[in-house]
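To convert, count from 1 in the sequence shown and add 22; that's our numbering.
Even for Gly, the Cβ is constructed at its ideal location relative to N, Cα and C.
Computed from a prediction, not measured in an experiment: that's the story for all the values here.
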Amino acid sequence: MKQQSIRLFIVATILFVFGLKNASAADNNLIENLLSQMTLEEKLGQMTLYSSGEDPLVPVFNPSYKQEIKEGRCGAIFASITPDSIRYLQELAMQSRLKIPMLFGYDVIHGYKTIFPIPLAQAASFNLDLIRKSAQVAATEASSRGINWFFGPMIDIARDARWGRVSEGAGEDPFLTSKVAVEMIKGYQGENLSERNNVAACAKHFAAYGAPIGGKDYNTVIMSLQELNDVYLAPHKAAADAQVASFMSAFNEINGMPCSANRELLTDILQKQWKYKGFVVTDFATIREFMNHGIAENEEQCAQLAIQAGVSMDMESGIYKAKYVENQLKSKSIDIEKIDEAVRRILTIKYRMGLFADPFKYCNSKTNELMTANNLTTAREIARESMVLLKNDKQTLPIKSDIRKIALIGPLADNQADMLGTWIAQGDTSDVVTLLQGLKKQLGTSAQVEYAQGCDIDTKRTSMFNKAIALAKKSDVIVVVLGEKGDMAGEAASRGNINLPGVQTALLKALYATKKPVILVLMNGRPLALEEEMNYCDAILEAWQPGTIAGDAIADVLLGKYNPSGKLPVTFPRCVGQVPIFYAAKSTGRPSDAKVRYSSRYLDIPFTPLFPFGFGLSYTTFEYSELSVSHPEIGLNDEITIQVKVKNSGKIAGQEVVQLYLKDDIGQLTRPVRELKGFQKIQLNAGESKVVTFTLKPSVDLIYTHADGTQNADAGKFTVFVGGNSDANLLHSFRVK
Ligand code: GLC
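In structure tokens form, the structure reads like this:
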């Protein structure tokens with residue numbers, strides 16, 4: 023250890039003497055110098071990630087991983103979840119010949135100990151500052167416990183509600199998801215990756231994992247180059263431009279080639295076109311899965327395909343081994359330059375994190391950063407702003423102050439286990455504030471809140487109905503909390519039906535039959551098909567899976583302490599038969615028209631969604647007017663300014679997400695009927711107006727992948743739509759020369 027410190031002190035001194043301007047040269051010299059000393063075993067070791075076996079949810083594939091760490095044959099550990107075990111394993115690494123520090127990765131997707139709303143919910147806030155702040159809290163909490171690498175943000179575009187991992191991303195839109203990706207990376211990595219409370223991020227899953235046929239997780243993905251580039255790769259390009267430290271290659275194939283063997287994706291696009299300098303880690307055992315995909319006969323071929331495609335690090339296949347690689351190096355079916363480049367990228371990130379200067383920098387925190395009051399305040403803020411008011415007939419919400427008896431009913435109304443959703447890291451369900459607790463805390467003696475479970479989430483049991491109905495009959499208002507279990511969305515959680523599970527809808531109908539006002543609060547990790555439920559309630563609040571502080575945040579909205587401002591980041595279909603359904607669809611040659619038989623429609627269901635992308639009501643109302651464009655015609659590299667006046671025409675203050683959509687009226691290829699190109703969340707007091715301004719440049723904001731694969735903007739007419747959701751009909755236009 024002493025020798026290591028001396029060596030590193032010398033290196034640090036060299037760097038200081040050269041001054042920051044030459045740091046990159048000295049960095050590279052240090053890394054090249056280290057690389058030149060490494061044996062093949064040590065190089066392949068840096069390219070290997072093992073799980074520590076501490077997290078019961080993560081299987082251990084290699085029981086001898088500790089010995090391999092000591093021999094310098096493991097570059098990263100996954101799911102080592104206590105500071106002591108991380109320190110212990112890092113000390114093992116310091117016993118190796120070259121003492122290269124390890125990364126400690128973990129799935130922190132929406133919080134470490136303080137659990138925030140699921141990412142889909144956070145996207146619904148359209149509040150990029152709060153999203154970044156929640157990411158910063160997660161990085162501060164986790165890095166204080168030794169974790170220095172997150173397997174996040176998850177930025178898969180998802181347009182199929184059957185796919186359970188829609189809960190983990192930012193929804194269906196590439197523009198919104200790209201903005202969210204950048205803010206989460208900023209929150210995780212900070213301005214300087216070497217600061218202790220920053221962690222390396224990992225944009226995933228690269229790529230197009232969210233478009234499996236049938237919405238069935240891990241299933242085949244087939245799509246055009248245009249759709250891949252313009253929809254599914256867009257957030258990843260934004261992540262690469264934001265200097266994300268790593269990418270995770272996805273389980274799925276794209277058009278016949280699994281992502282971890284996809285040289286076009288990992289080398290041609292990521293390294294050559296995007297000039298990306300970080301590294302790629304595979305998703306769990308995807309290299310070994312080439313044999314299931316049927317593109318490799320044995321482990322040697324698996325290793326060859328992955329190394330030559332450009333995979334830097336193997337998560338848990340245990341396939342980057344000299345026994346699989348040595349002969350292929352001799353026969354030139356594997357290039358040593360590919361291995362060196364993989365190792366170089368990993369070492370560079372470790373260097374930028376400051377791990378060479380202090381391998382234990384993440385193990386030294388003496389302060390308790392977990393679940394602080396500020397962290398919980400941030401969690402409450404973003405949980406409130408993530409909630410979407412979908413229906414509010416007769417101004418049923420907010421619950422009026424003269425209400426004396428509230429019947430709180432449903433399997434999720436006093437439930438800690440399912441508030442955290444999927445990927446709960448070190449979140450503790452016992453910390454969760456339930457809605458019953460939140461309402462009681464805020465109402466005190468001003469109103470009586472009585473609870474009845476009513477039914478289970480996903481059983482056919484109706485024996486609790488009567489007690490719930492009896493409670494409802496003697497109340498002034500019914501708040502019924504229905505939805506999904508926390509693990510009904512997330513990985514390996516695709517659903518063929520996207521209705522409320524079990525007998526929850528039957529319970530809702532029975533409660534509505536009491537003729538009392540019914541407020542439906544939804545807790546779910548995906549869009550649900552709610553066409554039937556719409557008829558059996560007066561108000562609907564989409565609360566998603568709100569995290570640790572769930573009950574306080576929902577109570578804030580139900581009681582009017584916070585005026586809901588969330589907007590849907592994903593379309594809600596009427597039924598599963600419409601899926602996949604999304605706003606940025608093509609018009610087709612026979613645009614959907616309910617009055618025209620021979621148009622793109624269904625015989626038995628409407629073609630319109632139940633709720634469109636960007637939709638969300640408020641306790642107040644907003645009016646849009648005076649839409650203007652700065653120029654009727656502009657050049658490709660000119661800027662155009664688009665302005666709109668927004669007025670709070672209601673009686674209380676509120677926030678509105680002003681959305682800007684554009685349609686390329688005549689494209690070289692068919693274009694979506696509209697695409698989100700800007701949004702701003704503004705606060706307006708009752709009666710207040712504000713002029714909102716957007717600025718666009720065609721050569722940046724209006725480009726797409728043309729037939730020849732180039733990214734260009736078309737000349738011609740563009741139609742502008744501005745409003746509070748993707749059905750906005752306040753329009754204008756301009757031309758591009
Ligand atoms: C899982 C997930 C991925 C996660 C990784 C490690 O299978 O697909 O998102 O980061 O394995 O848990």
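Selection from the options that minimises the alpha carbon distance to residue i
i, options, result
"residue 600", "589, 254 and 622", "622"
"residue 686", "637, 176, 740 and 671", "740"
"residue 160", "324, 178 and 130", "130"
"residue 738", "727, 424, 728 and 757", "757"
"residue 640", "603, 584 and 441", "584"
"residue 99", "604, 340, 283 and 319", "340"
"residue 306", "718, 183 and 80", "80"
"residue 383", "672, 683, 105 and 717", "105"
"residue 363", "301, 388, 410 and 397", "301"
Check whether residue i and residue j have beta carbons under 8 Å apart
i, j, result
"residue 592", "residue 519", "no"
"residue 632", "residue 735", "no"
"residue 269", "residue 228", "yes"
"residue 289", "residue 337", "no"
"residue 445", "residue 512", "yes"
"residue 586", "residue 563", "yes"
"residue 540", "residue 534", "yes"
"residue 181", "residue 602", "yes"
"residue 500", "residue 429", "yes"
"residue 360", "residue 330", "yes"
"residue 705", "residue 729", "no"
"residue 51", "residue 375", "no"
"residue 282", "residue 309", "yes"
"residue 244", "residue 284", "no"
"residue 209", "residue 142", "no"
"residue 91", "residue 66", "no"
"residue 70", "residue 342", "yes"
"residue 2", "residue 695", "The structure shown has nothing for residue 2, since the chain only spans 23 to 759."
"residue 505", "residue 442", "no"
"residue 205", "residue 157", "yes"
"residue 260", "residue 203", "yes"
"residue 179", "residue 257", "yes"
"residue 668", "residue 714", "yes"
"residue 662", "residue 718", "yes"
The beta strand (DSSP E) enclosing residue i, as first and last residue numbers
i, result
"residue 100", "98-100"
"residue 545", "540-545"
"residue 715", "711-718"
"residue 561", "561-564"
"residue 348", "Note, residue 348: premise wrong, no beta strand (DSSP E); alpha helix (DSSP H) at 344-352."
Heavy atom of ligand 1 within 7 Å of residue i beta-carbon
i, result
"residue 802", "Within the shown structure, residues of the chain are numbered from 23 to 759, placing residue 802 beyond reach of any answer."
"residue 238", "no"
"residue 270", "yes"
"residue 513", "yes"
"residue 227", "yes"
"residue 178", "no"
"residue 509", "no"
"residue 129", "yes"
"residue 126", "no"
"residue 173", "yes"
Expected contact under 8 Å - CB spacing of residue i and residue j to nearest Å
i, j, result
"residue 368", "residue 326", "No, residue 368 and residue 326 are not in contact; Cβ-Cβ is about 19 Å, not under 8 Å."
"residue 678", "residue 636", "No, residue 678 and residue 636 are not in contact; Cβ-Cβ is about 11 Å, not under 8 Å."
"residue 64", "residue 120", "6 Å"
"residue 97", "residue 126", "11 Å between Cβ atoms; not a contact."
"residue 379", "residue 431", "So it is not a contact: roughly 57 Å between Cβ atoms."
"residue 267", "residue 223", "6 Å"
"residue 237", "residue 296", "That belief does not hold up - the Cβ atoms of residue 237 and residue 296 are roughly 29 Å apart, past 8 Å."
"residue 469", "residue 517", "That pair is no contact at about 37 Å."
"residue 53", "residue 366", "6 Å"
Bounding residues of the alpha helix (DSSP H) (the contiguous stretch that carries residue i)
i, result
"residue 312", "312-315"
"residue 672", "Segment: none, residue 672 is in no alpha helix (DSSP H) and carries neither H nor E."
"residue 758", "Element bounds for residue 758: not the alpha helix (DSSP H) but the beta strand (DSSP E), 752-758."
"residue 615", "Taken as a continuous stretch (DSSP letters only), residue 615 belongs to no alpha helix (DSSP H), as it is neither H nor E."
Test: residue i CB closer than 8 Å to a CB of chain C
i, result
"residue 480", "The structure shown contains no chain C, having only a single protein chain."
Any non-hydrogen atom of ligand 3 closer than 7 Å to residue i Cβ
i, result
"residue 305", "As presented, the structure is devoid of ligand 3, carrying ligand 1 as its sole ligands."
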